[in-house]
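In the UniProt record's numbering, the protein residues as written are 1 to 348.
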Amino acid sequence: MDPARSPAVALLYPGDRTARDRADPAESRFAALFDALAAAGIAAEPAIYHDDFADEVAAQLKRMAVVLVWCNPIEGGHPRHRLDALLRDVAKAGVLVSTHPDTIARLGTKDVLLDTRDLPFGSDVQRIGSLEQLQAELPARLQRGARVLKQHRGHSGIGVWRVEWAGVQGAQPLLRVRHAQRGSAEEVIDMPALLQRLAPYFEPAAGGHMIDQAWQPRLVDGMVRAYLVEDRVAGFGHQAINALYPALRGEPAPSPGPRLYHDADKPDFQPLKQLLESQWIDLLRERVGLSRAQLPLLWDCDFLPGDGAGRHVLCEVNVSSVSPFPPSAIAPLVAAVKARLADTSLQR
1 MDPARSPAVA
11 LLYPGDRTAR
21 DRADPAESRF
31 AALFDALAAA
41 GIAAEPAIYH
51 DDFADEVAAQ
61 LKRMAVVLVW
71 CNPIEGGHPR
81 HRLDALLRDV
91 AKAGVLVSTH
101 PDTIARLGTK
111 DVLLDTRDLP
121 FGSDVQRIGS
131 LEQLQAELPA
141 RLQRGARVLK
151 QHRGHSGIGV
161 WRVEWAGVQG
171 AQPLLRVRHA
181 QRGSAEEVID
191 MPALLQRLAP
201 YFEPAAGGHM
211 IDQAWQPRLV
221 DGMVRAYLVE
231 DRVAGFGHQA
241 INALYPALRG
251 EPAPSPGPRL
261 YHDADKPDFQ
271 PLKQLLESQW
281 IDLLRERVGL
291 SRAQLPLLWD
301 CDFLPGDGAG
311 RHVLCEVNVS
321 SVSPFPPSAI
331 APLVAAVKAR
341 LADTSLQR
């Protein structure tokens, strides 16, 4: 493919009018990916998005063959409903959108933990459909151990709460709670206060429900993120101290540490890589009803250490805005884009 041709690929990520007007691949957080695409003969351009100029972005995307999307479920306090509608329309026009909003709905919400709870990487997970159900069922589950309540769709720890039994005051249970959003502190509150905190997540616009997952005590051993290009592992990230790392009594929780990135061939992670590529990715996509072609070009799965040697528990799947990612993911991603472009050219 001649790089001088009109761009075939757009990289969509959020920004304001000024950022769009001066869009420069060399200044973006995806500069290395732009360079790798160009080196492979693939012309690519930024598609900086904001709801204020959504129609302009839509016209740009319809000139493309492939659109790679990086946009969180909530950007600047606003959900990406308009962007999702735009991307569906662009896909209907024949453009390959990764990740397609319909794929996100099946794979990239916390519901995936419920859908896969009986699979080898699953755990004790319940769906909570109302505040009344939460009030009725949570106390009994807390008697067996701490729980993590997760909003239907979010990012960066927003809407993820660790809840633990903290005793009784009068007739009212006390709960030790901590929000996973950066900067949050542990508190002891009663059930009415918890219900008030969580009420927004049960609004229809927020998905209307929460997912309740059993706390994994071995979180102290760190969380592993497997980066995937389609159905192959392209790298790993390891974070020793993350958002819900437990605090010592009477002390603030430690600040989350950096995620360290590793190539896909790092020896420590080969057992997980083998499980993902030989079994788990197929089990996951089949369970949520996706074909291999519907898998995101770039996505990741977070795993916590489970209750046994070599046991991994799925914490979440990220498909909306997988960034940053390890350098080892760039070459496989470019190869996947090139293959999809070849398929697209044959269809047109």
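The beta carbon of each residue, even a glycine, is placed where N, CA and C say it ideally should be.
With a threshold of 16 other CB atoms inside 10 Å of the CB of residue i, please say whether the residue is buried or exposed.
i      : result
Val188 : exposed
Glu316 : buried
Thr103 : buried
His209 : buried
Gly77  : exposed
Lys150 : buried
Leu341 : buried
Gln172 : exposed
Val97  : buried
Ala39  : exposed
Gly108 : buried
Gly159 : buried
Thr116 : buried
Gln126 : buried
Val334 : buried
Arg17  : exposed
Pro296 : buried
Ser123 : buried
Gln216 : buried
Arg80  : buried
Gly154 : buried
Arg29  : exposed
Ser291 : exposed
Ala180 : buried
Ala185 : exposed
Pro252 : exposed
Glu230 : buried
Beta-carbon within less than 6 angstroms of residue i's beta-carbon, same chain only, minus the 5 sequence neighbours each way: which residues are those?
i      : result
Arg225 : Gly237, Asp300, Asp302
Phe269 : Phe236
Gly15  : Ile48
Arg182 : none
Asn318 : Asp300
His262 : Phe236
Phe325 : Tyr227
With distances taken from CA atoms, which of the options is nearest residue i?
i      : options                        : result
Leu22  : Leu33, Phe34, Thr109, Ile48    : Sequence inspection shows Arg at residue 22; the Leu mentioned does not correspond to that position. Measuring from the Cα of Arg22, the nearest candidate turns out to be Ile48.
Val69  : Leu87, Ala214, Pro258, Arg176  : Leu87
Pro271 : Ser255, Arg197, Arg311         : Arg311
Leu276 : Gln216, Gly222, Ala234, Ala19  : Ala234
Pro327 : Phe34, Glu45, Pro14, Asp16     : Phe34
Glu75  : Tyr13, Ala264, Ala329          : Tyr13
Cys71  : Ile330, Val334, Ser321         : Ser321
Val168 : Leu131, Met191, Pro324, Val334 : Met191
His152 : Ser123, Asp221, Glu203, Ala136 : Glu203
Met223 : Asp212, Glu230, Tyr245         : Tyr245
Leu121 : Pro73, Leu248, Leu283          : Checking the sequence, you will find Phe at residue 121 rather than Leu. Comparing Cα-Cα distances from Phe121 to each of Pro73, Leu248, Leu283, the minimum goes to Leu283.
Leu314 : Pro254, Ala54, Gln213, Ser184  : Gln213
Gly257 : Gln239, Gly250, Leu295         : Gln239
Arg144 : Ala166, His155, Leu131         : Ala166
Arg82  : Thr99, Phe53, Lys110           : Phe53
Asp118 : Ser184, Val337, Arg287, Pro73  : Arg287
Arg197 : Asp231, Leu37, Gln135          : Gln135
Lys110 : Leu131, Gln133, Asp89, Pro73   : Pro73
Asp55  : Ala140, Ala329, Val90, Ser278  : Val90
Have a look at the DSSP bridge pairing and note the partners of residue i.
i      : result
Ile128 : Met210
Asp302 : Arg225, Glu316
Val160 : Lys150
Ser278 : None; Ser278 has no bridge partner.
Tyr261 : Gly237
Leu96  : Val66
Glu75  : His78
Arg249 : Arg249 pairs with nothing; no bridge assigned.
Arg232 : Val229
Trp165 : Leu175
Closer than 8 angstroms by C-beta to residue i: which residues in its own chain qualify, once you throw out the five before and the five after it? Chain order, please.
i           : result
Val95       : Leu61, Lys62, Met64, Ala65, Val66, Val67
residue 349 : Residue 349 is absent from the structure shown; the chain starts at 1 and stops at 348.
Val163      : Leu138, Leu142, Ala146, Arg147, Val148, Leu149, Leu175, Arg176, Val177, Leu194
Pro200      : Ala206
Asp343      : none
Gly289      : Arg106
Lys92       : none
Ala10       : Ala44, Glu45, Pro46, Ala47, Gln60, Leu61, Met64, Val66, Val67, Leu68
Could you pull out every residue in the same chain whose Cβ sits closer than 7 angstroms to the Cβ of residue i, ignoring the five residues on either side in sequence?
i      : result
Ala31  : Pro25
Asp84  : Pro101
Asp221 : Pro305
Pro332 : Val229, Arg232, Ala234
Please confirm whether residue i has its beta-carbon closer than 8 angstroms to some beta-carbon of chain B.
i      : result
Asp307 : The structure shown has no chain B; it contains just one protein chain.
- Report the residue ranges of all beta strand (DSSP E) runs contained in full by the stretch 9-70; include only those spanning at least 3 residues, in chain order. Runs found: 9-14, 44-49, 66-69.
- Item | Runs of beta strand (DSSP E) lying entirely within the stretch 168-212, each at least 3 residues, in chain order | Listed in chain order, they are 172-179, 187-190.
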